[in-house]
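S.K.:
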Amino acid sequence: MSLDTIVIGAGHNGLVAAAYLARAGQKVLVLERRDVLGGAAATEALFPGYRVNTGAPDAGLFLPRIVDELKLQARGLELIESPAAVCALQPGGRALTLWRDVARSRDEIAAWSPRDAERYPDFVDYMGRMASALRGTSTLTPPDPHDGSARELLGWLRPALRLKGMGRRDMMEFLRILPMSAAELLGDWFENDALKGALGTSAVLGSMQGPQASGTAFRLLYHYQGAENGGFRSSAFVRGGMGRLAEALAAAAREHGAEIRSGASVARVLVEGDTAVGVRLETGDELAARRVVSCVDPRRTLHGLLGAPALGPELNRRVGNIRYRGSTAVLHLALDGLPSVPGVTGVEPITAHIVVSPSLVDLERAYDDAKYGRFSARPCLDMVIHTLLDPALAPPGRHTMSATVRYAPYDLRDAGWDEQRGRLADTILGLLDEYVPEVRPRILHQRLLTPLDWEREYGLTEGGTYHGQMDLDQLLFMRPVPGWGRYRTPVAGLYLCGSGTHPGGGVTGAPGFNAAREVLRD
Amino acid sequence: MAHRYDAIVIGAGHNGLVHAAYLARAGLDVLVLERRHLVGGATVTEELFPGFKYSVYSYVVSLMRPDIIRELDLPRHGLTILPLESTLTPLPDGDCLYRDADRYRTWRDIARFSVRDAEAYEEYGRTLFFMARAVKYLLGIAPPDPTRVRPKDLSGMLGLARHMLGLRKDELHALVKLMTMSAADFLDEWFETDVLKATLSASGIIGTFLGPRSPGTAYVLLHHYMGEIDGHFRAWGFAKGGTGALANAVAGAARELGVEVRTDSPVAHVVVRNGRATGVALENGDVLEAKIVSSSLDPRQTFLRLLDASVLPDELVTAVGKFKFRGSSGKVNLALDAAPDLACLPGHGPHLRGAISISPSVDYLERAYDDAKYGDFSRAPYMDVIIPSMIDPEMAPPGKHVMSCFVQYAPYELREGTWEEKREAFGDTVIDTLSRYMPNLKEIILHRQVVTPWDIEQTVGLSQGNIFQGELSLSQLFFLRPAPGHAEYRTPVRGYYQCGSGTHPGGGIMGAPGRLSATAVLRDLRRPGGRKGQT
């Protein structure tokens, strides 16, 4: 039995690629180092009796097209949508909730700023129009300005026409805001700190930069893509946990004949001449295949599994220069009951993201610490209580709370993460004492994942959850490195299919989808 | 009304004068009106203290387009550029990094810190040289509008595309990176020595409200690399007699071409009749008529002060309102009793004839920016210091010296207090910071002048004291400068043009906006009835 394709890594993108390749008739083997599927979008029994989404908390950006084509709903994928988008906790026990329903958000904002409330519906409309320029681009192979084929360029004609169809004013506006900072963009619209702080949180995902950095307006837009219904960011959760998405993808792949092996760690991509011919496992076993598709991040794939000599000096240098700079930590808590959240009545407002980011200035100051190699003294928190919409994730009456914490830079200056881990946990809980004091007394279990843990346990270089920062110079044909933005590598038969390729990070499935298409094209 | 000019140019800054000279060269009867008593705008030399002359605001020359120097024959009108060949970066520990025109000596000095960096430095210089050449193309064209399908825009975009694709693949990639990255990230790809990265990244922050780690600063770094003197790229120079000598040379050339330059003539507003500019009204009530009016003032002045907003489309008024100025730099001009001694290199060697950069580490610059982000001037600011009298002895009385300190960051908007209250405290911070590197400085100061962004706004008229007439950020460049759809030097008011640094390709003593806009005016005038302004 000879294999057509070996996919390295059963992250969601690896599984998407495997499912599409198998569906096209290829003989596919997926090798996953860990025991659970899903990579950084997995659900794990971190604490006995609890199922915790260890990495990505929601699946709102996942492409509906993949759900349909791979029949994921029939294979157990169920999305639960919260009516809320973000509940932003404020000093003094107040809270501002932004809903998917624009009118409801407007009424809520009116208590903070009547002027901003008036503008909010226009803003949502505006962001929707701007984000529509990106629509459809995520499933296209980035054109290479030098050797793009006619077919690839034709594919970009539609988004180009859509941009054109936006009308002159919107098109200019789109081009103007792409390189802007989120702070500038939000400042153009709003005056209220609470509102801007709440909106700004999604702009700083995916890069170690503050809201004043140019390019953060683009990231704000990137997150609006998954929220066409007026919420400004995705709040679609997976019933049973994010792992169910991986399982549904795995089921689709298996049905088409793919084999998925967990606990199988790849040590090396084997090359003969300049062609990939298979992989060697940590156990020393060698597996032959006609091609190898890696959903592991680009540096780990090209430097770690392939080895620098195969790249040549120029590409080698470029791969070494990819900016990862993981700066996200996640604190997972098991709670003996639901803490009451000051400023919030009922549970509806807290069924999506609960954030502590009272202003863009606080967010910027949190970033300042990270610039000098410290974790934020007052970090920005983005929390989800998954058990509110899906109680089966915890024993009866119990809850989980997962807090994404920014900024926690991979490179700490004074001492490593193993020494500073406890201090960060204290800092987060101290901040929670101010905003949701009932959390600490209810903690039964806690587990902090630092960027170092992301690297060691999940294999993410520098703990970069997006497989490389989403900076303007690391997008499109420059992702992962300039000139290699088309899923291929200098080694024939070796492909990249992870978040380190276009369109980038987040649980979209698009990189895996695109990579499978390119493999089949070859 | 007695006389109707062909063109009236508002503001005798270097761009206004270049613009006027090119119009006159094409045979137009041109009048330049300047509010102050002298020409030059931010390009002036003034004798602030008896015998001590200063380039009060801008202080070095390098970006001035060589074709303008040649075509207007500026050397004959008194322009002499003296090279400024070295940069010294002193360190707090008494060491320093010294780079000058002697490649071998520079290699050795960098190699003291890192041999790898010394090797990379030459290659870095070459790469930036090629990048600057690639971008220079943009300095010579009026920006095409990508959202329109007029033949002019299409051919402009096509020319641009052809130019870009004509670059080697790695050049194009480097260029795209340069356009979007931070100066610190860009330099991290090249070097490991902190002080070298810091002093190189400093040219990425000049005139911006950004830190070396802010994306977009790599482009500003490149912008400052485009300087050419006598065909040598990246050559910085000092105009003999100060930067005012450059303005005077352009004014001399303009006058010889028949331009009338009137100082002490502040313009109150542009006279618009039936959607067409017909002249200007002075503050003293006089009305002067002209076929066309060009403003070299910044976009806010050009559109919102000189015009009644009602003659402009709302979107332009909004866009100009959003245009970011955020002046971030100040200047401290000192009169010294003697040349200063540097702790790291005592004595009065050739290093005093170059620039002294207070940029010991990337963190130092970034912290300086942090202060400004929250509305304070930097407690330990970045500085670019030169001692013009070491290069041009006529700038100071014999044996005495003038010292020019460009200081960043000094945010226009202070969190607390006003610049009038904080001016001297800011000056003290500058002197204290400098004294750490020049121990005898305080004893030799005879006079000092502190220029804050507020002073620049008050005296020169630049909104918020921004020396580039608006930030050089990606969202304010090329076809977006100063406003989307209004980047071709024309305005919605027929016969009214913009010709200052607030238009493409932006600030610095370059002259390119003045010249490109003159080309646009002349093209319109050649058409029967003139070109209809766009809306």
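Chains A and B, in that order, are what the protein sequence lines are.
Mind the numbering: the first sequence is residues 1 to 522 in my numbering, read in order.
Mind the numbering: the second sequence is residues 523 to 1057 in my numbering, read in order.
Glycine included, each C-beta is placed from N, C-alpha and C at the ideal position.
Only a predicted model underlies this, so the values are computations on that prediction, with no experimental measurement involved.
#1: CB-CB under 7 Å to VAL466/B, same chain, minus the five flanking residues each way: which ones, in chain order?
#2: Whose C-beta lies closer than 8 Å to the C-beta of ARG244/A among residues of the same chain, with five residues either side of it excluded?
#3: Name the DSSP beta bridge partners of LYS846/B, please?
#4: Kindly list the residues whose CB is nearer than 6 Å to the CB of MET905/B, restricted to its own chain and excluding five residues on each side of it in sequence; keep chain order.
#5: Would the stretch 941-957 of chain B count as touching the stretch 542-549 of chain B if we require 3 or more Cβ pairs under 8 Å?
#6: Name the chain A residues that come within less than 9 Å of ASP885/B, Cβ to Cβ?
#7: So what does DSSP say about ILE878/B, is it helix, strand or coil?
#8: How is ALA95/A classed by DSSP in three states: helix, strand or coil?
#9: State buried or exposed for GLY843/B, treating a residue as buried only when at least 16 other CB atoms are found within 10 Å of its CB.
#10: Suppose you measure from the CA of LYS895/B to the CA of GLU993/B; what does that come to, to the nearest Å?
#11: Quick one: give me the first and last residue of the beta strand (DSSP E) that ASP528/B is part of.
#12: Measuring only between beta-carbons, confirm whether ASP1109/B sits less than 8 Å from chain A.
#13: Using the C-alpha atoms, what's the distance from LEU186/A back to ALA394/A?
#14: Rounded to whole angstroms, what is the Cα-Cα separation between TYR646/B and ILE8/A?
#15: Can you pull the chain A residues whose beta carbon is under 7 Å from the beta carbon of MET703/B, in chain order?
#16: Quick check on the burial criterion: 16 or more other C-beta atoms within 10 angstroms. Buried or exposed for VAL809/B?
#17: Within the present structure, is the beta-carbon of LEU331/A separated from the nearest heavy atom of the ligand ADP by less than 7 Å?
#18: Whose CA, out of GLU438/A, ARG318/A and SER376/A, lies closest to the CA of MET401/A?
#19: Could you pull the DSSP bridge partners for CYS618/B from this structure?
#20: Could you round the C-beta distance between ARG261/A and GLU32/A to whole angstroms and report it? I think they count as a contact, below 8 Å.
#21: Determine which residues of the stretch 204-219 of chain A have a Cβ less than 8 Å from any Cβ of chain B, and write them out in chain order.
#22: Please determine if the stretch 83-94 of chain A and the stretch 365-380 of chain A are in contact, where contact requires at least 3 C-beta pairs separated by less than 8 Å.
#23: Anything in chain C within Cβ reach of ASP707/B, meaning under 7 Å, just list it in chain order.
#24: Determine the extent of the alpha helix (DSSP H) in which GLY512/A is found, giving its start and end residues.
#25: If distances are taken between C-alpha atoms only, which option among ASN321/A, TYR410/A, THR450/A and THR301/A comes closest to PRO482/A?
#26: Between the stretch 968-976 of chain B and the stretch 932-940 of chain B, can you find at least three pairs of beta-carbon atoms closer than 8 Å?
#27: So which residues of chain B does GLU81/A contact, with C-beta pairs closer than 9 Å?
#28: Is the beta carbon of LEU72/A less than 8 Å from the beta carbon of ALA516/A?
#29: Would you mind sorting TYR576/B into buried or exposed? The rule is 16 or more other CB atoms within 10 Å of its CB.
#30: Are the CB atoms of GLU255/A and LEU37/A within a distance shorter than 8 Å?
#31: If you pair each beta-carbon of the stretch 817-837 of chain B with each one of the stretch 859-879 of chain B, do three or more pairs fall below 8 Å?
#32: How is the alpha helix (DSSP H) around LYS575/B delimited, first residue to last?
#33: Based on Cα-Cα distance, which residue from ALA310/A, ALA253/A and GLU282/A lies nearest to ASP274/A?
#34: So, is the C-beta of THR1057/B closer than 8 Å to a C-beta in chain A?
#35: Which one of ALA1042/B, ARG1049/B, TYR959/B and GLY1022/B has the shortest CA to CA distance from PRO612/B?
#36: Between ARG1049/B and ARG119/A, what straight-line distance do the alpha-carbon atoms span, to the nearest angstrom?
M.R.: The answer reads as follows:
#1: With chain B covering 523 to 1057 only, the question about residue 466/B has no answer from this structure.
#2: Short of 8 Å from the beta carbon of ARG244/A, and not among the five residues preceding or following it, lie these beta carbons of its own chain, in chain order: THR43, GLY76, LEU77, GLU78 and VAL238.
#3: LYS846/B has no beta-bridge partner at all, per DSSP.
#4: Taking C-beta separations shorter than 6 Å and ignoring five residues to either side along the sequence, the partners of MET905/B in its chain run ILE880, CYS927 and VAL929, following chain order.
#5: At 8 Å Cβ cutoff, the stretches do not touch.
#6: By Cβ distance, chain A contributes LYS371 and TYR372.
#7: Strand.
#8: In this structure, ALA95/A counts as strand in the three-state DSSP scheme.
#9: Classification of GLY843/B: exposed, given that the 10 Å Cβ count is below 16.
#10: Computed Cα separation, rounded: 15 Å.
#11: Unbroken beta strand (DSSP E) run through ASP528/B: 526-532.
#12: Since the first and last residues shown for chain B are 523 and 1057, residue 1109/B lies out of range.
#13: For ALA394/A and LEU186/A, the distance between alpha carbons rounds to 38 Å.
#14: When rounded, the distance between both Cα atoms is 38 Å.
#15: Neighbours of MET703/B on chain A, chain order: ASP473.
#16: Exposed.
#17: The model depicted lacks the ligand ADP and carries no ligand whatsoever.
#18: Checking every option, the nearest Cα to that of MET401/A belongs to GLU438/A.
#19: Per DSSP, the beta-bridge partners of CYS618/B are PRO612/B.
#20: Right, the Cβ-Cβ distance comes to about 7 Å (below 8 Å), so this counts as a contact.
#21: Listed by position, the residues of the stretch 204-219 of chain A near chain B (Cβ gap below 8 Å) are GLN209, GLN212, ALA213, SER214 and GLY215.
#22: No, because fewer than three Cβ pairs between the stretch 83-94 of chain A and the stretch 365-380 of chain A fall closer than 8 Å, the two stretches do not touch.
#23: Among the protein chains of the structure shown, namely A and B, there is no chain C.
#24: For GLY512/A, the enclosing alpha helix (DSSP H) stretches over residues 510-521.
#25: Among ASN321/A, TYR410/A, THR450/A and THR301/A, the Cα nearest to that of PRO482/A is on ASN321/A.
#26: They touch, by the three-pair rule.
#27: The premise fails here: GLU81/A is roughly 34 Å from chain B at the closest Cβ pair, so nothing lies under 9 Å.
#28: Not in contact: LEU72/A and ALA516/A (Cβ atoms no closer than 8 Å).
#29: Burial is judged here by how many other beta carbons sit within 10 angstroms of a residue's own beta carbon; TYR576/B has at least 16 and is buried.
#30: Result no, Cβ atoms of LEU37/A and GLU255/A do not sit closer than 8 Å.
#31: The count of Cβ pairs closer than 8 Å, one atom from the stretch 817-837 of chain B and one from the stretch 859-879 of chain B, stays below three, leaving the stretches out of contact.
#32: From DSSP, LYS575/B is part of no alpha helix (DSSP H) but of the beta strand (DSSP E) over 574-577.
#33: Nearest option by C-alpha distance: ALA310/A.
#34: Because THR1057/B carries a pLDDT of 31, less than 50, the predicted location of this residue cannot be relied on, and no value is offered for it.
#35: For the residues ALA1042/B, ARG1049/B, TYR959/B and GLY1022/B, the minimum Cα distance to PRO612/B belongs to TYR959/B.
#36: Spanning the two alpha carbons is a distance of roughly 44 Å.
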